[in-house]
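Undergrad: Dropping the structure in here first, questions after.
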Amino acid sequence: GENVEQHPSTLSVQEGDSAVIKCTYSDSASNYFPWYKQELGKGPQLIIDIRSNVGEKKDQRIAVTLNKTAKHFSLHITETQPEDSAVYFCAARGYSTLTFGKGTMLLVSP
Amino acid sequence: GAGVSQSPSNKVTEKGKDVELRCDPISGHTALYWYRQSLGQGLEFLIYFQGNSAPDKSGLPSDRFSAERTGGSVSTLTIQRTQQEDSAVYLCASSFLGRKLISTGELFFGEGSRLTVL
Chain L
3 GENVEQHPST LSVQEGDSAV IKCTYSDSAS NYFPWYKQEL GKGPQLIIDI
53 RSNVGEKKDQ RIAVTLNKTA KHFSLHITET QPEDSAVYFC AARGYSTLTF
103 GKGTMLLVSP
Chain G
153 GAGVSQSPSN KVTEKGKDVE LRCDPISGHT ALYWYRQSLG QGLEFLIYFQ
203 GNSAPDKSGL PSDRFSAERT GGSVSTLTIQ RTQQEDSAVY LCASSFLGRK
253 LISTGELFFG EGSRLTVL
């Protein structure tokens with residue numbers, strides 16, 4: 003089955019800095035790669051996703067890049083704000099189910 | 153309701169007792185998923201429903217775990233003879249299945265049921 007590795011497990015940045023979270027996956031058949039944000043006491047919520055026919059996607063301050071050859075994808079957050087503090091999960095899907103990474107706790111200090 | 157609803161939000165039980173966790177998905181979503189989130193761990197897949205059938209139950213940890221879905225809507229996850237290692241947050245998610253029975257992508261999660269086994 004699919005295996006998703008995510009790094010780093012924790013990331014501390016100053017407000018205004020950029021944050022990058024990286025993931026690798028094992029199943030070359032995976033074709034959908036979403037990123038979820040989980041705030042304390044809440045369920046994860048989709049923030050951006052990318053499909054295998056695209057190399058990069060951007061939505062305001064967040065962007066995701068995908069390298070299918072190397073089987074890795076990354077989340078980039080620019081101009082971080084305290085409200086970006088949360089746990090971020092990457093995921094990969096082949097046929098029907100999503101396999102998630104173990105998450106990255108992002109702390110943005112004012 | 154507008155979102156995925158889970159109950160109870162918190163459950164404390166004694167080792168050896170059975171528990172039932174309920175999920176009410178978004179209306180019209182035919183796919184339903186159960187995940188488990190343990191402290192410091194990611195989201196561990198348990199089971200996936202397509203309508204009332206479960207084509208993938210490969211993530212259920214043991215035969216103490218079972219789940220059902222009725223009427224293509226509400227799902228119940230049952231844990232029998234609970235153990236301390238079952239303590240976790242159990243998350244339910246739903247999504248829309250397109251014509252080719254492939255999820256269009258986004259999973260909508262509930263807020264989870266936090267289970268504590270003493």
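From first to last, the protein sequence lines stand for chains L and G. Using the numbering used here, the final residue of the first sequence is 112, and nothing's skipped along the way. Using the numbering used here, the final residue of the second sequence is 270, and nothing's skipped along the way. Glycine included, each C-beta is placed from N, C-alpha and C at the ideal position. Being a predicted model, the structure only gives us computed values, none of them experimental.
Can you check whether the CB of P177/G is closer than 8 Å to the CB of S246/G?
TA: For S246/G and P177/G, yes; Cβs fall inside 8 Å.
Undergrad: Which ranges does the beta strand (DSSP E) cover as unbroken runs of at least 3 residues, wholly within the stretch 174–213 of chain G, from first to last along the chain?
TA: Within the stretch 174–213 of chain G, the complete beta strand (DSSP E) runs of at least 3 residues are 183–189, 195–202, 205–208.
Undergrad: Contact criterion: CB-CB distance below 8 Å. Does G223/G meet it with respect to chain L?
TA: Cβ-Cβ to chain L under 8 Å: no for G223/G.
Undergrad: Mapping DSSP to helix, strand and coil, what is E166/G?
TA: Note: E166/G maps to coil in three-state DSSP.
Undergrad: Quick one: list the residues of chain G neighbouring T101/L, beta-carbon separation under 8 Å, in chain order.
TA: The contacting residues are F197.
Undergrad: Comparing the C-beta of Y27/L with each C-beta of chain G, is any distance below 8 Å?
TA: Closer than 8 Å: no.
Undergrad: What runs of the alpha helix (DSSP H), each 4 residues or longer, lie entirely inside the stretch 36–72 of chain L?
TA: Fully enclosed alpha helix (DSSP H) runs of 4 or longer: not present.
Undergrad: Going along chain L, which residues have a C-beta under 9 Å from L173/G?
TA: Simply none; closest approach about 14 Å.
Undergrad: Going by beta-carbon coordinates alone, are Q189/G and S265/G separated by less than 8 Å?
TA: No. Outside cutoff.
Undergrad: Quick check: what's the CA-CA separation for V15/L versus Y90/L?
TA: Computed Cα separation, rounded: 14 Å.
Undergrad: By the 9 Å beta-carbon criterion, what residues does the stretch 203–231 of chain G contribute toward chain L?
TA: So the close ones are P207, D208, S210, G211.
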